[in-house]
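Chains as they are written, first to last, in this note's numbering: chain A, 1 to 409; chain B, 1001 to 1318.
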């Protein structure tokens, strides 16, 4: 039988103390959450966000992690927001209960989901970043919600003058008739309100067709038939998922109203999801103009190239760049706060004023948030499908090609 | 709205109503057949539709065995062949699960096995949805054909008024009608049809007449699944879909079956057709977001005014 002598006991205690000291020197992981739709009609957008977020985490960890925390690695905790606001809210409740040590998070893509989950994250005082567009998300007086996109009402006010200028330049006359086709999700409803309240009036436009549907669409015949009868000069499309986009562009093509003949202005990142040109023939989307909250510019060209090599996706777009940006901004805030404490991270996000790093991922090159949590100076981006690929056409800082306007209008 | 636009709107709603309605009708027949013969309310019928879509997809795209047929013929042959594939799935589901809570085994029990059927079919629905998520992923799919974005244009003889007949939906409609007629022929004029009807009307008496009721119930369940799968394959030519698509259409199926007359198999087809019409015509006067609400208003009116359904008799079955 082996006897435990005083010498062996002391040696054991010393070894234990040594290993504890070693663990203390090894910085703990910092957890951030991602909640995006990974199932249901909006899953494709969620998957694109997931790719961007995972790449950002790998890049930050490979570069040495969070410097002020001794090189602590970031761990991404992923949650599925599902296909309804109820499921998203349930997932958020599960997230705050299961992961009490989160430093922050981002999601949940669709405004209706984001509105639901931020009720939970705000109660948990968890800093939450989002690309969702609805102005209601940061219009409720919440202190822990940070919206990086231009809000839907700001986008509505910005996009129509851009389109009017483009049309006037191409055709020599100002459009007078406009149509709205879109779903009844929160971001779309936020988009319609300022348009109908004042934007159309200010631009001298008459709304000739106003068709709002409940997603997902099962058929678009009646909608496109009304557009054929109403003969608008351009159509603002506010669908929110790739399936509805496919159904709409195919019905437009069937009725001889493709974007090559009738100017179609889509809204939102899903219009540039690579899946769209797999679900429908690229000629059906040719010429479609898309207004969205972010698109990679020249400064993100190298990142985009690496993303394409890593994921085999055809391009780096709206959903992926936002996820990459949000992980990077959260990492920067944790670094600034020198702590993974959620309150200190939120304070860092409020005081942040970046013009490099994550700021290069936005067309305006600036990351700072106002007292409502909205990103200051957030600028709208416009891309257009040229030969089956979305090409940035506005603003100047990201544009690589000029926009074209259908000649027959 | 001028008269030309009005004529065009109504004509396009009519043709879209017929084409979509026929596909819905076929979808409803599957559910109606299962209920009509077996008195089983199959809550997994939406997921059977989804299986039909994926069966057609894997037959037609990539290295599928029908890829050589090309994008014009392949998708429709794929939709038809999805029927026998999902028939086998349905027959297996019946053999190992549904038969335990239906048929002669539960005849005479307090609830005739309905509670068990509810739980089992709901369970199958959840397993197929989540299993589909694991196997197929959440990326949307479609069976691509150039026919889904092209139309036959027919002038109406009044100004420029034109009817646009979507080519994919037109072929899908023809396949749906042919399948429904084939089923009608089988049910009315063949020994199998007579045995199925006998098993539906009085299973005990059918057993005494030498009919293996459980086998015919298996056949009915498989046929119900196969027919809905064909409808799914046809819908896959113009819709995008994923593992959860069934949920969007199961409500339409139930509405169609109740509208047509619960228990009446061919009534289910007319019920589905009615749903298609209501969906398209309501969009002429109401915002599109109320299209599905209108289906339920008509549904409730039918339940209130004619509980046996539009085309059913109160005691009709099969």
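The beta carbon of each residue, even a glycine, is placed where N, CA and C say it ideally should be.
- Query: Considering only C-alpha positions, which residue in the set B:1008, B:1018 and B:1010 is nearest to residue 1169 of chain B?
  - Reply: B:1018
- Under 7 Å by beta carbon: chain A residues contacting residue 1244 of chain B: 39, 40 and 83
- Task: Using a Cβ cut-off of 7 Å, pull out every chain B residue sitting near residue 223 of chain A, in sequence order please.
- Result: 1288
- Message: For residue 1236 of chain B and residue 1143 of chain B, which I take to be in contact (beta-carbon distance under 8 Å), what is that distance rounded to the nearest angstrom?
- Response: 4 Å
- Task: Compute the distance between the beta-carbons of residue 247 of chain A and residue 235 of chain A, then report whether it is under 8 Å.
- Result: no
- Compute the beta-carbon to beta-carbon distance between residue 148 of chain A and residue 129 of chain A, rounded to the nearest angstrom, for a pair I have assumed lies under 8 Å. 6 Å
- Message: If the criterion is Cβ atoms closer than 8 Å, does the pair residue 35 of chain A and residue 105 of chain A meet it?
- Response: yes
- Could you check what DSSP says for residue 1091 of chain B in three-state terms: helix, strand or coil? helix
- Item | Per-residue DSSP class, three states only, for residue 1157 of chain B | coil
- With DSSP as the reference, please indicate the residues paired to residue 34 of chain A in a beta bridge. A:78 and A:106
- Message: If distances are taken between C-alpha atoms only, which option among A:156, A:216 and A:312 comes closest to residue 203 of chain A?
- Response: A:156
- Query: Measuring CB to CB, does residue 1231 of chain B end up less than 8 Å from residue 1027 of chain B?
  - Reply: yes
- Item | CB contact check: residue 1201 of chain B to chain A, cutoff 8 Å | no
- Which word fits residue 1154 of chain B, buried or exposed, when buried means at least 16 other C-beta atoms lie within 10 angstroms of its C-beta? exposed
- Message: Check whether chain A comes within 8 Å of residue 1164 of chain B, counting only Cβ atoms and requiring the distance to be less than that.
- Response: yes
- State buried or exposed for residue 1202 of chain B, treating a residue as buried only when at least 16 other CB atoms are found within 10 Å of its CB. exposed
- Would you grab the beta carbon distance between residue 1284 of chain B and residue 222 of chain A for me? Rounded to a whole angstrom, and I think it's under 8 Å. 7 Å
- So what's residue 19 of chain A in DSSP terms, helix, strand or just coil? Caution is warranted here: a pLDDT of 45 is assigned to residue 19 of chain A, below 50, making its placement in the model unreliable, and no coordinate value can be reported.
- Item | Supposed close pair residue 115 of chain A, residue 136 of chain A - CB separation, criterion 8 Å | 6 Å
- Query: If you measure from the beta carbon of residue 409 of chain A to each beta carbon in chain B, is any gap under 8 Å?
  - Reply: Because the pLDDT at residue 409 of chain A is just 46, under 50, the model does not fix this residue reliably, and the value given afterwards should be weighed accordingly. Chain B contact via Cβ: absent.
- Taking Cβ positions only, does residue 1133 of chain B come closer than 8 Å to chain A? yes
- Closer than 8 Å to chain A by CB, residue 1188 of chain B: no
- Item | Exposure label - residue 370 of chain A; buried when at least 16 CB within 10 Å | exposed
- Against chain A: residues of the stretch 1198-1227 of chain B by CB proximity under 8 Å: none
- Query: Is residue 332 of chain A closer than 8 Å to residue 352 of chain A when the C-beta atoms are compared?
  - Reply: yes
- Message: Only counting the same chain, and skipping five residues up and downstream in sequence, which positions put a Cβ closer than 6 Å to that of residue 1190 of chain B?
- Response: none
- Report yes if the C-beta distance between residue 1091 of chain B and residue 1210 of chain B is below 8 Å; otherwise report no. no
- Message: Using a Cβ-Cβ cutoff of less than 6 Å, which residues in the same chain neighbour residue 1276 of chain B once the five nearest sequence positions on both sides are dropped?
- Response: 1017, 1020, 1021 and 1024
- Every unbroken alpha helix (DSSP H) inside the stretch 299-337 of chain A [4 residues or more]: 301-311 and 318-337
- Query: Does any residue of chain D bring its CB to less than 8 Å from the CB of residue 1056 of chain B?
  - Reply: Annotation note: the requested chain D is absent from the structure, which comprises protein chains A and B.
- Message: Helix, strand or coil, according to DSSP, for residue 1151 of chain B in the structure here?
- Response: strand
- Message: Between B:1164, B:1208, B:1301 and B:1234, which has its C-alpha nearest residue 1007 of chain B's C-alpha?
- Response: B:1164
- Item | Whole runs of the beta strand (DSSP E) within the stretch 1208-1255 of chain B, excluding any shorter than 3 residues | none
- Task: Below 8 Å between beta carbons is the criterion; list the residues of the stretch 1034-1054 of chain B that meet it against any residue of chain A, in chain order.
- Result: none
- Message: Just to check my reading of the structure: residue 244 of chain A and residue 205 of chain A have Cβ atoms closer than 8 Å, yes? What is that Cβ distance to the nearest angstrom?
- Response: Incorrect: roughly 24 Å between the Cβ atoms, too far for contact.
- Message: Let me make sure I understand the geometry here. Which of B:1116, B:1248 and B:1227 has the alpha-carbon closest to that of residue 41 of chain A?
- Response: B:1248
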